[in-house]
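A short worksheet on the structure shown next.
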Amino acid sequence: MKDSFDLDQVEKIWALENVTQERVLQQNEDRLVVLFNSDQGKFVGKTASPWKTAVALEKDTTVFQFLLEQNFSHVPKLLLTKSGKGFAELDGGFVYLMEYVEGKKPEVTVETYQKLGAMTAELHSLENYPHKTDFDPAIIIATNFPENAKKLPFGEEYLKVAATLPDFSVFSQTLIHTDIAPANAIEKADGSLTLIDWDDAGVGSAVLDLGYPLLSQFTTEDLELRPELARAFYGAYLAKREITATEKKVLFSAGLFFALMYLIYGNTTKRWERLNWALKHREEIEGMIP
Numbered sequence: 001m002k003d004s005f006d007l008d009q010v011e012k013i014w015a016l017e018n019v020t021q022e023r024v025l026q027q028n029e030d031r032l033v034v035l036f037n038s039d040q041g042k043f044v045g046k047t048a049s050p051w052k053t054a055v056a057l058e059k060d061t062t063v064f065q066f067l068l069e070q071n072f073s074h075v076p077k078l079l080l081t082k083s084g085k086g087f088a089e090l091d092g093g094f095v096y097l098m099e100y101v102e103g104k105k106p107e108v109t110v111e112t113y114q115k116l117g118a119m120t121a122e123l124h125s126l127e128n129y130p131h132k133t134d135f136d137p138a139i140i141i142a143t144n145f146p147e148n149a150k151k152l153p154f155g156e157e158y159l160k161v162a163a164t165l166p167d168f169s170v171f172s173q174t175l176i177h178t179d180i181a182p183a184n185a186i187e188k189a190d191g192s193l194t195l196i197d198w199d200d201a202g203v204g205s206a207v208l209d210l211g212y213p214l215l216s217q218f219t220t221e222d223l224e225l226r227p228e229l230a231r232a233f234y235g236a237y238l239a240k241r242e243i244t245a246t247e248k249k250v251l252f253s254a255g256l257f258f259a260l261m262y263l264i265y266g267n268t269t270k271r272w273e274r275l276n277w278a279l280k281h282r283e284e285i286e287g288m289i290p
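Structure, rendered in structure tokens:
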């Protein structure tokens with residue numbers, strides 16, 4: 001993966017002048033994220049994951065305009081190309097540009113999670129988004145989890161836990177983000193939050209957004225619970241949008257799904273220990289949800 005974009009092409013494709021690359025924000029074998037400076041301001045250029053097709057990118061970039069039209073203010077603006085498209089082919093991949101949001105990573109506090117909870121409820125309340133998310137737990141469980149299990153010394157036990165997960169598609173469908181966390185937010189000078197990383201946004205099960213932080217953010221790898229953060233997040237959400245008792249009951253399973261999915265990307269031993277600890281303390285963890 002290159003560590004820069006062809007700046008001449010960036011100027012030709014987007015309506016920008018005197019473009020310079022300020023710094024690389026993220027770089028790995030699949031993705032390059034760069035901060036650009038130009039006469040028109042600062043922008044973030046992002047390569048799409050290599051498995052993303054043009055059709056998938058069309059869906060991914062549609063969400064930005066939709067949210068702005070719905071007066072959802074917690075999203076960066078997408079910079080359209082000169083031809084009016086949301087992305088372009090550049091340096092052998094698909095690239096899109098967003099406004100650079102000035103700010104900082106929010107601290108992990110009760111106030112931050114109150115804002116995230118209210119923001120999530122606002123997102124889930126929006127109607128008529130035209131695209132389903134490509135983030136499908138059923139496919140991930142059937143395809144990714146067996147591959148994960150092959151890499152783990154406790155692979156058989158891992159798959160046994162995965163087999164307990166429900167069909168999440170039967171629960172209420174809303175526009176979801178799939179990765180809501182302080183790490184994917186920018187706090188601006190006025191204290192408001194902007195959510196970034198909308199790659200898999202689309203219509204999906206609301207319980208996924210709600211369950212995600214339960215075992216990854218409100219249950220630490222040191223086997224400690226953060227009930228004050230959980231109650232701040234869920235309390236702010238439930239004040240704006242109701243969920244059924246059945247959906248509330250399945251949030252633990254949604255959190256378990258994400259814990260299994262992300263287990264291989266960190267300290268697998270500690271994450272497996274946390275997962276099993278969470279299973280033993282399920283009632284206590286569910287008690288953090290108001």
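Numbering (this note's numbering), first residue to last: 1 to 290. Glycine included, each C-beta is placed from N, C-alpha and C at the ideal position. Quick caveat: nothing in here was measured; it's all calculated off a predicted structure.
Asked: Whole-angstrom distance between residue 91 and residue 29, CA atom to CA atom; Found: 14 Å
Asked: Residues near residue 231 in its chain [Cβ-Cβ closer than 7 Å; skip 5 each side]; Found: 288 and 290
Asked: Uninterrupted alpha helix (DSSP H) stretches inside the stretch 140-181 (no shorter than 4 residues); Found: 145-150 and 155-162
Asked: Cβ contact check for the stretch 83-99 and the stretch 158-177: 3 or more pairs under 8 Å; Found: no
Asked: Buried or exposed by the 16-neighbour rule on C-beta atoms within 10 Å, applied to residue 182; Found: buried
Asked: Beta-carbon proximity list for residue 200, same chain, < 7 Å, skipping 5 on both sides; Found: 133, 134, 135 and 178
Asked: Any alpha helix (DSSP H) of 4 or more consecutive residues that is wholly inside the stretch 78-150; Found: 110-124 and 145-150
Asked: Proximity winner among 173, 276, 32 and 23, relative to residue 128 (alpha-carbon distances); Found: 173
Asked: Paired residues, beta bridge with residue 43 - DSSP; Found: 36 and 99
Asked: Buried versus exposed call for residue 237 [16 or more other C-beta atoms within 10 Å across all chains shown]; Found: buried
Asked: Under the three-state DSSP convention, the category residue 25 falls into; Found: strand
Asked: Chain-order list of residues whose beta-carbon lies under 6 Å from that of residue 143 (same chain, five-residue window excluded); Found: none
Asked: Sequence-distant residues of its chain with Cβ nearer than 6 Å to residue 146 (five each side left out); Found: none
Asked: Nearest-angstrom Cα separation, counted from residue 31 out to residue 48; Found: 7 Å
Asked: Pair within 8 Å by beta-carbon distance, residue 73 and residue 34; Found: no
Asked: Residue 148 classed as buried or exposed, judged by whether at least 16 other C-beta atoms fall within 10 angstroms; Found: buried
Asked: Euclidean distance between Cα positions of residue 62 and residue 86; Found: 7 Å
Asked: When 282, 250, 104 and 227 are compared against residue 195, the one with the closest alpha-carbon; Found: 104
Asked: Same chain, Cβ closer than 7 Å to residue 219, five either side skipped, listed in chain order; Found: 225, 274, 278 and 285
Asked: Cβ-based neighbour list, residue 13, same chain, cut-off 6 Å, excluding 5 preceding and 5 following; Found: 81 and 88
Asked: Cut-off 6 Å between Cβ atoms - residues of its own chain near residue 83, not counting five sequence neighbours on either side; Found: none
Asked: Closest residue to residue 151 among 263, 276, 283 and 23 (Cα-Cα distance); Found: 263
Asked: Reduced DSSP category for residue 243 - H, G, I as helix; E, B as strand; rest coil; Found: coil
Asked: Beta-carbon proximity list for residue 216, same chain, < 8 Å, skipping 5 on both sides; Found: 181, 255, 258, 259 and 262
Asked: DSSP state of residue 223 mapped onto helix, strand, coil; Found: coil
Asked: Alpha-carbon spacing of residue 163 relative to residue 222, whole angstroms; Found: 26 Å
Asked: Whole-Å CB distance - residue 198 paired with residue 75, under 8 Å assumed; Found: 7 Å
Asked: Range covered by the beta strand (DSSP E) that runs through residue 196; Found: Unbroken run through residue 196: none, as it is neither H nor E.
Asked: Cβ shell of residue 23 (< 7 Å), same chain only, five flanking positions each side left out; Found: 35
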